[in-house]
Amino acid sequence: MQSDAAPAPPAHLVVVPRGPRLAPPAWSALLAGLPSAEQHRLARLQRWEDRQDSALGWHLLRRLAADLGASVRRTPTGRPVADPPLDVSLSHGGGWVTVATHTGGRVGVDVEGPRATTPALARRCLSAGELDWFEDAPDAAGRQERFLRLWTAKEAYLKATGTGLGRDPRTVALDCSATEPRLGGAEGARWGFRSSNPADGVHLTVCWERDP
3 MQSDAAPAPP AHLVVVPRGP RLAPPAWSAL LAGLPSAEQH RLARLQRWED RQDSALGWHL
63 LRRLAADLGA SVRRTPTGRP VADPPLDVSL SHGGGWVTVA THTGGRVGVD VEGPRATTPA
123 LARRCLSAGE LDWFEDAPDA AGRQERFLRL WTAKEAYLKA TGTGLGRDPR TVALDCSATE
183 PRLGGAEGAR WGFRSSNPAD GVHLTVCWER DP
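Below you can see the structure in the form of structure tokens.
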């Protein structure tokens, strides 16, 4: 976005807290509404938090898609896809679950909770310009905030493009010093970004294709 008074993004975003662990009857009811393949995938997850996050995300995604007359499924790599022209993305982290849909092009979303941010991690993930901005933060808390702002924007963009983390994140050069993240280079005009903080220390960014 180019100004502080940016219009709402065309992508539709739903963000919900995970909440406490569901009681067995509520968990069984949630599972019953999911495809058997998704139930088997959830059973392989070790932590209840991950199982509940994934189940809530998939439930929300199916409902949103159904409201638009579409169905959703996973690719062999696990990426959720919907019937064209709908594109979808989901993420969970920091106790929050988010789902994004977009009928005008590709979309990606990422949400992350607080995490330890070391200089070594930053060097593995950030471009040279991003690293300068990260290191210019006044303290450790500022560096963590800047890293998460950059990282959620990068991951949302990589999800939207379909490359995921198979692409070196350092090759995605972002400017996050303004109100909203901006992508540099020839691709900058094609992609929009919107960042928010659903809770203290939690960062969320949605990336959508403006003109496919």
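Going by our numbering, the first residue of the sequence shown is number 3, and it counts up by one from there.
From the three backbone atoms N, C-alpha and C, an ideal C-beta is built for every residue, glycine too.
Check: Near P215, which residues of its chain fall below 6 angstroms by C-beta distance, leaving aside the five closest residues on each side in sequence?
Finding: Any answer about residue 215 is impossible in this case: the structure gives the chain only from 3 up to 214.
Check your understanding: Taking the alpha-carbon positions, what's the G35 to L160 distance?
Key -> As a first step, residue 35 is located in the sequence shown; it is residue number 33 there, counting from the start. As a first step, residue 160 is located in the sequence shown; it is residue number 158 there, counting from the start. Straight through space, the alpha carbons of L160 and G35 are spaced by roughly 30 angstroms.
Pairwise C-alpha distance: R148 and C178: The residue given as residue 178 occupies position 176 in the sequence shown. The residue given as residue 148 occupies position 146 in the sequence shown. In a straight line, the C-alpha of C178 is about 8 angstroms away from that of R148.
How many Å lie between L58 and L66 at the Cα? Start at 1 with the first residue of the sequence shown, and residue 58 comes out as number 56. Start at 1 with the first residue of the sequence shown, and residue 66 comes out as number 64. Cα to Cα, the separation comes out at about 12 angstroms.
Review point. Who are the Cβ neighbours of S91 in its own chain at under 6 angstroms, not counting the five residues just before and after it?
Key: In the sequence shown, counting from the first residue as 1, residue 91 sits at position 89. Same-chain partners within the cutoff: A102, V109, G110, V111, K161.
Next item on the list: Would you kindly check if the distance between the Cβ of S93 and the Cβ of L206 is under 9 angstroms?
Entry: Against the sequence shown, residue 206 aligns to sequence position 204. Against the sequence shown, residue 93 aligns to sequence position 91. Taking 9 angstroms as the Cβ cut-off, L206 and S93 qualify as a contacting pair.
Where the beta strand (DSSP E) containing A84 begins and where it ends: Taking the first residue of the sequence shown as 1, we reach residue 84 at position 82. Start and end: 82-84.
Fill in: Closest Cα partner of A130 within the set P11, T120, L176
Position 128 of the sequence shown, counting from 1, holds the residue named residue 130. Selected option, being the one with the closest Cα: L176.
* Asked: In terms of DSSP beta bridges, what is P19 paired with?
  -> In the sequence shown, counting from the first residue as 1, residue 19 sits at position 17. The partner list for P19 (beta bridge, DSSP) reads W98.
Neighbour-count burial assignment, Q54, 16 or more Cβ in a 10 Å radius: Within the sequence shown, numbered from 1, the residue matching residue 54 stands at position 52. Buried, by the Cβ-count rule.
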